[in-house]
Structure formats: C-alpha cells, structure tokens
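Residue numbers (our numbering): 1015 to 1177.
First comes the structure, then the notes that go with it.
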Amino acid sequence: MIPAVSTALRWEHDLIATHQWWRLITGNFTHTNAYHLLMNLAGLWIISYLFHARWKKLNIYIALISTFIGIGLLFTQTQIYYGLSGVLHGLFALYAYQEVTRGKRSSWFLLAGLGLKLLAENSGFVTLSTAELINARVSTESHLIGSLSGLAIALLARKLLKQ
C-alpha cells in the first residue's frame, strides 16, 4: 500500500481521539506490505468461496464487523492497527454459525477450531513467522473482537428473521 495513504487511513488510537472517525473503519483496509494485503485477500476469497457468500450481504457484514472492530479496539492497549484479519475472523464465525443453524452439524468443528485458535492466540501462542512476514504484531485482539462481532451479527440476523 502507498505509505502516505496507509498512514492517513490506518487505525490509530490517538488520532481517532482527535475526531478522525473514519479510521475506525478504514484501518481494516490498510496493510503493512504486499504480503499482508495478499494474505488478507486470499483469506477473503477462501471464505467467500467456502461459504458461498453473496456480495451484497458480504459487503454489509464487512462494514458492520469493521465498525465493531474499530470501536472495540478503543478499549484495548492497541495504538495502531492494520489489516483485514479481524474482519476475516468475524466472517468465518458468522458464516460457520449460519451453517450450524441450517443443520450442517459439521460446522460446529469450524467454530470449535476457531475458538481453539483464539484461545491459543490470546494465551500468547502466536507464530512469529506471520508477524515477520507482515512486518507488524499480529493483532489477536482484532481476531477476538471480529469473531465475537460475527457471532453477534449472525445471532441478531437469525432472531430478526424469525420475527
């Protein structure tokens, strides 16, 4: 990503505090380098393919999860955040839960795997190779916030559709 653009759009706690609200959302779309961007785009493609995501709903989900992550990170020690990985975790949780509610019981394994990954990450077990590749600390907080946001959206959507 172009450094000046990335700096102007990244999630940055101190600048959000000065009313640069767009950073709550745009930080999810900035990346530290080409590897970071390509890994996130590959993740988005895989999730879209595996869960047969429809673009209109996918865009709404991305916007909602991005907003929740942007706000949620304000309550952490995070000062600067780049990347879409939190959103990807949220989409994965959302779509896996939707599959469970449609009777695909094997998707419980997807949710369990996600839970184990989050537990491992937030217990301090993160591979350094990813951090080295993207030239940044892996934001495990965004993964957790994104996953919880995705589940909350799926639960709310299910409740609203039942009414």
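Positions of the beta carbon are idealized from the N, C-alpha and C atoms, including for glycine.
In this text, all values refer to a predicted model and were calculated from it rather than measured experimentally.
1. I need the straight-line Cα distance from Gly-1104 to Leu-1023, nearest angstrom please.
2. Would you say Gln-1112 and Ala-1166 are within 7 Å of each other, going by their C-beta atoms?
3. Report back the beta-carbon spacing between Ile-1039 and Ser-1080 to the nearest angstrom; my notes put them in contact at under 8 Å.
4. DSSP three-state label for Trp-1035, please.
5. Quick check: the Cα distance between Tyr-1109 and Phe-1065, rounded to an integer number of angstroms?
6. With a threshold of 8 Å on Cβ separation, who are the neighbours of Ile-1094 within its own chain once the five nearest residues in sequence on each side are excluded?
7. Where does Arg-1037 land, buried or exposed, given buried means 16+ other C-beta within 10 angstroms?
8. Taking C-alpha atoms, which residue in Leu-1170, Ser-1153, Ala-1171, Leu-1175 lies nearest to His-1050?
If we stick to the structure as given:
1. Taking the sequence shown and counting its residues from 1, one reaches residue 1104 at position 90. Taking the sequence shown and counting its residues from 1, one reaches residue 1023 at position 9. When rounded, the distance between both Cα atoms is 21 Å.
2. Residue numbering aside, residue 1112 sits at position 98 when the sequence shown is read from its first letter. Residue numbering aside, residue 1166 sits at position 152 when the sequence shown is read from its first letter. For Gln-1112 and Ala-1166, no; Cβs fall outside 7 Å.
3. As a first step, residue 1039 must be located in the sequence shown, where it is residue number 25. As a first step, residue 1080 must be located in the sequence shown, where it is residue number 66. Sure, about 5 Å apart at Cβ, within 8 Å.
4. Numbered from 1 along the sequence shown, position 21 holds the residue referred to as residue 1035. Trp-1035: coil per DSSP, three-state reduction.
5. Position 95 of the sequence shown, counted from the first residue, corresponds to residue 1109. Position 51 of the sequence shown, counted from the first residue, corresponds to residue 1065. Rounded to the nearest angstrom, the two C-alpha atoms are 6 Å apart.
6. Mapped onto the sequence shown, residue 1094 falls at position 80. Within the same chain, Ile-1094 has close Cβ partners Arg-1024, Trp-1025, Glu-1026, His-1027.
7. Walking along the sequence shown from the start, residue 1037 turns up at place 23. Arg-1037 should be labelled buried.
8. On the sequence shown, position 36 is the one that residue 1050 refers to. Among Leu-1170, Ser-1153, Ala-1171, Leu-1175, the Cα nearest to that of His-1050 belongs to Ser-1153.
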